[in-house]
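Reading through the C-alpha cells given below for one structure.
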Amino acid sequence: MNIDANYKITANELQNKVILVTGANRGLGRAAVLDLAQAGALVVMLGRDFGGLEAVYDEVVSAGFQEPFLYPLDLEGATPQNYQQLQADILDNFGRLDGLILNAATLGTLMPIEQYDIKIWYSTMQINLNAAFMLTQFLLPPLKQSVDARILFLSSAVGRTARAYWGAYGVSKFALEGLSKTLSEELEKTNIRVNSLDPGAMKTKMRRDAYPAENADKNPLPSAKSPAIVYLMGEKSKGLNGEKLVIN
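Heads up, the final residue of the sequence shown is numbered 236 in the numbering used here, and it's a clean run with no missing numbers.
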C-alpha cells in the first residue's frame, strides 16, 4: 500500500503524544525526530551514539519545539534487564507511550550466505531483529496505556522481495515483516495499530555503503520522507493495521 511522501504537517497534530524513535541520531531517525517534534510530540530519542543524540536534541530545541528525552542504549549489547529499565523509565516519566518507531538498523555485509561471517550475522540480527522484538515486548505495557497507539517497523524492499547477497540484513527485514503482521493480528482488538514501512531510497550513509557506485545525489534526503511518519503516528492513519506500506 502506497502512502504520500508529501504529507503536510500541521502544528500540534501530535500534541501530548509520547513517541519513541530508535536510531534517532542520524538519517531517517533524525528527520523523523524533527518532524514529530514539529507536530507537537514529545520524542524519546533512543540510540547508542550519545553525541549524535545530543546534536539532534540541540536541533529540536533550537527550532523551538518541545524538549526531547534522550535515552542512550546500545541495541547490540542490550539485555532484557536494560529493556525492563526502559519500560520502567517510560512509565515513571510519562505514564504511557503513544508511538514506537523501530528505525535502528545495521547493514552488516553484502555477500553470499555460503561465505557470510557468523559474527556479523549475529550482530546484524541482534540489532535489526532481536532488539526490535525485545523493545516491542517490553514497551507493550506503556503502549497499552495510550488511548491510540502505533508501532511502526522500518522495513526495506529487500525484506519483501528476496535479493541475492543481502544476507543478514535482507533476512532480518523479512523477519520484521512477519513480526509486524503477527503483532497486528494479536493486537487487532486493542488500541494499538501495527504496520511496516519501506521508505524507499534515501541519501543516507547506509545507502552509500550498500550502493557505492550509485549517484547518491539522485536520492531524496530523509527529510523528504519523514513527514509520512508523522501521518502514520496520527489520528488520520487510525484505519491502517497490518499493512506493508511504501512511501511514494
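Note that beta-carbon positions come from the ideal geometry of N, C-alpha and C, so glycine has one too.
Cβ neighbour criterion (16 or more within 10 Å) applied to Met(-11): So Met(-11) counts as exposed.
query: Taking the alpha-carbon positions, what's the Phe141 to Ser184 distance?
result: 5 Å
- prompt: What residues match up with Arg181 in a beta bridge as DSSP calls it?
  reply: Arg138
C-alpha distance - Asp136 paired with Ile180, whole-angstrom precision: Cα to Cα, the separation comes out at about 6 Å.
task: Return the CA-CA distance between Gly146 and Gly158, expressed in angstroms with no decimal places.
output: Looking at the sequence provided, one finds Val at residue 146 rather than Gly. Going from the Cα of Val146 to the Cα of Gly158 covers about 5 Å.
- prompt: Looking at C-alpha atoms only, which residue of Pro210, Phe121, Gly83, Arg18 is the closest neighbour of Leu167?
  reply: Phe121
task: Mark Ala27 as exposed unless 16 or more other C-beta atoms lie within 10 angstroms of its C-beta, in which case mark it buried.
output: buried
message: Determine whether the beta carbon atoms of Ala66 and Gly11 lie at a separation below 7 Å.
response: Cβ distance not < 7 Å, so Ala66 and Gly11 don't count as in contact.
- prompt: What's the gap between the Cα of Ala29 and the Cα of Leu58?
  reply: 14 Å
- request: State the beta-bridge partners of Lys232 as determined by DSSP.
  value: Ser184
query: Mapping DSSP to helix, strand and coil, what is Thr10?
result: In the structure shown, Thr10 sits in a strand (DSSP, three-state: E or B).
field: Simplified DSSP assignment, three categories, for Asn4
entry: coil
field: Distance, Gln103 Cα to Ile(-3) Cα
entry: Near 46 Å, if we compare the C-alpha coordinates of Gln103 and Ile(-3).
field: Cβ neighbour criterion (16 or more within 10 Å) applied to Ala19
entry: buried
message: Can you list, in chain order, the residues of its chain with a C-beta nearer than 6 Å to that of Ile217? Leave out the 5 residues immediately preceding and following it.
response: Cβ neighbours of Ile217 beyond the five flanking positions: Ala20.
field: Run of the beta strand (DSSP E) containing Tyr59, from where it starts to where it stops
entry: 57 to 60
- prompt: Terminal residues of the continuous alpha helix (DSSP H) containing Met113?
  reply: For Met113, the enclosing alpha helix (DSSP H) has its first and last residue at 106 to 113.
- request: Can you tell me the Cβ-Cβ gap for Leu74 and Leu61, rounded? I've got them flagged as a contact below 8 Å.
  value: 7 Å
- request: Check Leu88 in the structure and name its three-state DSSP category.
  value: strand
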